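J.:
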Amino acid sequence: MKLDPFYLIVDSADWIERLVPLGVRLVQLRMKDGTEARYRAEIRRAKSLCALHGCQLIVNDYWRLAIEEGCDFIHLGQEDLEGADLPAIRRAGLRLGVSTHDDAELDRALAASPDYVALGPVWPTILKTMPWAPQTPEKIPLWKGRTGTLPLVAIGGLTPERARVVLEKGADSAAVVTDITGNADPEARTREWLEATAPWR
Numbered sequence: 103m104k105l106d107p108f109y110l111i112v113d114s115a116d117w118i119e120r121l122v123p124l125g126v127r128l129v130q131l132r133m134k135d136g137t138e139a140r141y142r143a144e145i146r147r148a149k150s151l152c153a154l155h156g157c158q159l160i161v162n163d164y165w166r167l168a169i170e171e172g173c174d175f176i177h178l179g180q181e182d183l184e185g186a187d188l189p190a191i192r193r194a195g196l197r198l199g200v201s202t203h204d205d206a207e208l209d210r211a212l213a214a215s216p217d218y219v220a221l222g223p224v225w226p227t228i229l230k231t232m233p234w235a236p237q238t239p240e241k242i243p244l245w246k247g248r249t250g251t252l253p254l255v256a257i258g259g260l261t262p263e264r265a266r267v268v269l270e271k272g273a274d275s276a277a278v279v280t281d282i283t284g285n286a287d288p289e290a291r292t293r294e295w296l297e298a299t300a301p302w303r
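Residue numbers (our numbering): 103 to 303.
Printed below as a string of structure tokens:
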């Protein structure tokens, strides 16, 4: 499986409607606050928008809703991985991405037979407080050596310039949240990301 080198992560279908038409081909819907009804509505809208623009949608955490809504890709953190029904996810035909932050978590992720593995934070991140020190770009070739043919996603503190660094070091995809959604001009920043990652597309 090949992932697009530009992996956008947003918290609402509004962001998808705003940014995906610019040429984004891979987006994760990562919602953290709200009701199940809101999550379901957001997933449905996101799925429709992504289908319209030829973009791969990945749903974060809510694997039951992803199955019920006919999605085809789910991303799980380590805690969510422990509580997920992996056989049910596989029976539904969902592909699976898993977050990792250290060697033990990578072992756990690989045991789940994922379709890709994410490594982070590569640089310090303002998205959330983490107990792990930044992995640094030098960790990427080591991680890639362990994941083999599985796509490796780098996340944490990335910018368009840093995206080039991680892709050059062997990451298959560079993920971004706040560098775009926290930017004064998210559309312009998205275009910068598209340009920076284009050589790996």
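Glycine included, every Cβ here is placed at the ideal spot set by N, Cα and C. Remember, predicted model here, so these are calculated numbers, not experimental data.
#1: Roughly how far, in whole angstroms, is the beta-carbon of Leu167 from the beta-carbon of Arg142, given that I think they are within contact range, below 8 Å?
#2: Rounded to a whole number of angstroms, what is the C-alpha to C-alpha distance between His155 and Gly125?
#3: Could you please give the first and the last residue of the uninterrupted beta strand (DSSP E) stretch that includes Val219?
#4: Spatial neighbours of Glu144 within its chain, please: CB distance less than 7 Å, with the 5 preceding and 5 following residues excluded, ordered by chain position.
#5: Taking the alpha carbon of Leu105 as the reference point, which residue from Arg293, Leu269 and Thr283 has its own alpha carbon closest?
#6: Can you tell which of Ile257, Asp163, Trp295 and Arg291 has its C-alpha closest to the C-alpha of Gln180?
#7: Between the Cα of Gly272 and those of Arg291, Val219 and Glu294, spot the shortest distance and give me the residue it belongs to.
#8: To the nearest angstrom, how far is the alpha carbon of Glu297 from that of Ala290?
#9: Alpha carbon to alpha carbon, what distance is there between Cys152 and Pro226?
#10: Report buried or exposed for Ser215, applying the criterion of at least 16 other Cβ atoms within 10 angstroms of its Cβ.
#11: Who does Gln130 pair with in a DSSP beta bridge?
T.: With the structure as the only source:
#1: 6 Å
#2: 8 Å
#3: Tyr218 to Leu221
#4: Ser114, Ala115, Leu131 and Met133
#5: Leu269
#6: Asp163
#7: Val219
#8: 11 Å
#9: 30 Å
#10: exposed
#11: Ile111 and Ile160
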